[in-house]
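Beneath this line is the structure, given in structure tokens, with notes to follow.
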Amino acid sequence: MSNYWRFSRSAYYSVVAALPLLVAYEILVILSQSRYWNLRNAADMWIRTFLMAFDLQAQHLAFVMIGILFALIPLAKYYSTGVRLKVNYFALMLAEAFVYSLLLGGLLQSILRLSGLSSGGPGNGPLQNLALSLGAGLFEEIIFRVLLLNLLFLILKPFLKSKVGVAVASVLVSSFLFSISHYIGTMADQWEWYSFMFRWVAGLLFAFLYFMRGFAITAYTHALYDIWVLV
């Protein structure tokens, strides 16, 4: 099992595990879209807006993102020294994420009850909420944990002597911005202090899990937790 803990948090497993999440998300978006709207995760739209700055067509972006993941596989494999793909490990990773999502869900629901908040999601159909859940697990973890958290670590490192201090500050700031992001945009939630604090705590827990278990486990945990709440 020692190999499992090391392999499953590696960049190699993270990139490979992201592929089915992205493909399932795109399929669900297609199946759940209607004549009047095409609902997508907000973090997905930010990434799409960035990619469209390179004159890419909107209808091609799903294939571009899938292609990017495939292109990253050999690079991730190169930097994951000694890591080999084992199919049974992905089943274990899904089971591990399932357990974490239940534990996280129990903890966060307790916080909700104490604060008097409701855990209900947006009034969309089941397929749309399932798509949003998978999108949150994939795109929000890419933006706020993989990119932002590591970027903050690099920025703060020259200013703080302690690695622990850098890590704590990076986690606090990235989780703060993760929470704030839910109140930005045309489909933003209505601002509430308690809901903001709840999401900040959720961001802290996801950041801790990311440090301990890597991107893949965190992304699937996030997606599964959102499924319990929204679907």
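Everything in the sequence shown is counted per my numbering, starting at 7 for the first residue and increasing by one.
Ideal placement from N, C-alpha and C gives every residue a C-beta, glycine not left out.
Are the beta-carbon atoms of residue i and residue j separated by less than 7 Å?
i, j, result
"Tyr95", "Ser14", "yes"
"Gly143", "Asn47", "no"
"Asp50", "Phe145", "yes"
"Ala175", "Leu155", "no"
"Val35", "Ala137", "yes"
"Tyr231", "Arg151", "no"
Roughly how many angstroms separate the alpha carbons of residue i and residue j, rounded to a whole number?
i, j, result
"Tyr42", "Val172", "A caution first: Tyr42 carries a pLDDT of 42, below 50, which makes its placement in the model unreliable, though a value can still be read off. Cα to Cα, the separation comes out at about 46 Å."
"Phe165", "Tyr200", "32 Å"
"Ser38", "Gln134", "6 Å"
"Ala68", "Met218", "30 Å"
"Val237", "Leu75", "27 Å"
"Arg12", "Thr87", "11 Å"
"Glu147", "Leu158", "15 Å"
"Thr227", "Ala77", "25 Å"
"Leu91", "Leu28", "19 Å"
"Ile275", "Ala30", "The structure shown does not extend to residue 275, since the chain spans only 7 to 237, so no value can be given for it."
"Met7", "Ala64", "43 Å"
"Trp197", "Ser187", "11 Å"
"Ala229", "Gly73", "22 Å"
"Val105", "Gly112", "11 Å"
Please report the Cβ distance between residue i and residue j, rounded to the nearest whole angstrom; I am assuming they are in contact, meaning their Cβ atoms lie under 8 Å.
i, j, result
"Ser116", "Ile233", "About 19 Å separates the two Cβ atoms, so there is no contact after all."
"Leu118", "Phe214", "Not a contact, Cβ separation roughly 19 Å."
"Val70", "Leu57", "6 Å"
task = Examine the Cβ distances between the region 88-100 and the region 178-197 and report whether three or more of them are shorter than 8 Å.
result = Verdict: no, contact absent.
inquiry  = With three or more C-beta pairs closer than 8 Å as the rule, is the region 219-235 touching the region 8-27?
reply    = Under the Cβ criterion (8 Å, minimum of three pairs), the region 8-27 counts as touching the region 219-235.
ask   = Residue ranges of each beta strand (DSSP E) run of no fewer than 3 residues wholly in the region 52-108, ordered along the chain?
value = Those beta strand (DSSP E) runs which fall completely within the region 52-108 and span 3+ residues do not exist here.
key: the region 178-186 touching the region 197-212, judged by at least three CB pairs closer than 8 Å   = The answer is yes - the region 197-212 touches the region 178-186, with three or more Cβ pairs under 8 Å.
key: Ranges of the beta strand (DSSP E) found wholly within the region 11-50, counting only runs of at least 3   = Within the region 11-50, no complete beta strand (DSSP E) run reaches 3 residues.
ask   = Mind pulling the beta strand (DSSP E) runs of 3 or more residues that sit fully within the region 189-216?
value = The qualifying runs do not exist here; there are none.
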